[in-house]
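Okay, so here's the structure we're looking at.
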Amino acid sequence: MAVPIVKAMKRSPAAPPGEVLLDGFVLRRYSLGDAPALAAAVGESLEHLRPFMPWVALEPTTLAEREELLRRWDDDWANGRQYSYGMFRRDRVVGGAGLMRRIAANGLEIGYWVHPAFTGRGFATRAARALTIIGLSLPGVSHIEIHHDKANVASGRVPLKLGFEMVGDKRVKPAAPGESGLSCVWRVGRSSWAASDTESAPGLPAATETESTRFSRHD
Ligand SMILES: CC(C)(COP(=O)(O)OP(=O)(O)OC[C@H]1O[C@@H](n2cnc3c(N)ncnc32)[C@H](O)[C@@H]1OP(=O)(O)O)[C@@H](O)C(=O)NCCC(=O)NCCS
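Throughout the sequence shown, residue numbering follows this note's numbering, covering 13 to 231 in sequence.
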């Protein structure tokens, strides 16, 4: 049964929901059968993604390699290392987003990309908002971060709109051709998120009545 996302997350589940219904798309855990749809979306988005997504350098990949990637993500999910979701409109992949356990034992980092035909509609911001709620509801998670290269202005708008605080920047080796090498770090903690995630927060895409979460067969 679909229930409102915030209500569902207040139950503090040990693992994230496999499916979240958001305004305009569904954020859903990938399954192996999604390999062709993911390949199509990535293939159509290569030049849009290339400046800031290092993994694009590995494209094109074969169907078998993409299925292997999905298997790895499945394993990562089961082990709590990374929760990778696709943004779906019916069977079409229109983007991807995930929670990665790579910043600290008690923190999760959000990553996202959106197919160029679907940018500018708030998809990345809505996905990141949902993942923030999900991440902060997991046991032992005290904060969420979003990192982006300073040159990636569109990406920086996402944490800003969600009320994250920019806590600093750090020099890193550029990993993709558009990167300046200055990585901006945005963070939100449980208490500041609880205080700010209201329908009235500035620029925040409020949860709509269609936004809900379902626990899929994976859970
Ligand atoms: C960054 C990205 C995920 C944003 O996705 P999106 O769904 O368009 O994001 P949203 O619609 O939620 O918000 C984007 C914001 O950036 C703004 N924006 C878009 N392009 C911009 C640009 N070139 N300069 C400044 N702002 C820009 C939009 O106007 C919007 O802000 P607003 O709502 O205040 O007007 C998408 O552009 C993308 O996939 N980029 C390539 C992959 C990538 O960089 N991923 C992030 C790595 S850190």
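Just so it is clear, CB atoms sit at the ideal spot from N, CA and C, and this is done for glycine as well.
Residue from the options whose Cα sits closest to the Cα of residue i
i: Gly-92; options: Ala-27, Trp-198, Glu-177, Ala-166; result: Ala-27
i: Arg-202; options: Gly-180, Leu-143, Val-165; result: Leu-143
i: Met-236; options: Leu-50, Ala-206, Arg-84, Met-178; result: Here the chain comprises residues numbered 13 to 231, so residue 236 is not present and cannot be evaluated.
i: Ala-206; options: Leu-70, Ile-146, Val-170; result: Ile-146
i: Phe-37; options: Ala-188, Thr-137, Arg-83, Gly-190; result: Thr-137
i: Pro-66; options: His-160, Asn-118, Val-165; result: His-160
i: Glu-56; options: Val-126, Lys-185, Ala-187, Val-170; result: Val-126
Distance cut-off 8 Å: residue i Cβ against heavy atoms of ligand 1
i: Val-170; result: yes
i: Leu-143; result: no
i: Leu-61; result: yes
i: Asn-164; result: yes
i: Tyr-42; result: no
i: His-155; result: no
i: Ile-158; result: yes
i: Asp-86; result: no
i: Phe-176; result: no
i: Tyr-124; result: yes
i: Ala-136; result: yes
i: Arg-133; result: yes
i: Lys-173; result: yes
i: Ser-192; result: no
One or two residues paired with residue i in a DSSP bridge
i: Ala-109; result: Tyr-97, Tyr-124
i: Arg-104; result: Arg-101
i: Asp-161; result: Ser-195
Exposure of residue i, with buried meaning 16 or more beta-carbon neighbours within 10 Å
i: Thr-74; result: exposed
i: Met-13; result: The predicted position of Met-13 is uncertain, since its pLDDT is 42 and thus under 50; a value taken from the coordinates is nonetheless stated next. Answer is exposed; the Cβ neighbour count stays below 16.
i: Pro-29; result: buried
i: Asp-209; result: buried
i: Gly-45; result: exposed
i: Gly-132; result: exposed
i: Ser-195; result: buried
i: Asp-87; result: exposed
i: His-58; result: Note that residue 58 is Leu in the sequence shown, not His. Looking at its Cβ environment, which holds fewer than 16 other Cβ atoms inside 10 Å, Leu-58 is exposed.
i: Ala-140; result: buried
i: Ser-212; result: Here the model assigns Ser-212 a pLDDT of 34, short of 50, so the residue's position is not dependable, and the following value carries that caveat. Exposed is the call here.
i: Ala-117; result: exposed
i: Ser-192; result: exposed
i: Gly-175; result: buried
i: Ala-218; result: Low local confidence applies: a pLDDT of 44 at Ala-218 is under 50, so the model's placement there is unreliable, with the coordinate-based value given in what follows. The residue is exposed, with fewer than 16 neighbouring Cβ atoms inside 10 Å.
Contact test: residue i Cβ vs ligand 3 heavy atom, cutoff 8 Å
i: Phe-130; result: The model on display carries ligand 1 but not ligand 3.
Enumerated in chain order, which unbroken segments of the beta strand (DSSP E) with a length of 3 residues or greater are wholly contained in the region 116-159? Qualifying beta strand (DSSP E) stretches, in chain order: 119-126.
In chain order, which continuous runs of the beta strand (DSSP E) of length 3 or greater are located wholly inside the region 16-79? You should have 31-34, 37-41.
Counting only runs of 4+ residues fully inside the region 177-213, write out the alpha helix (DSSP H) ranges in chain order. Runs of the alpha helix (DSSP H) inside the region 177-213: 202-208.
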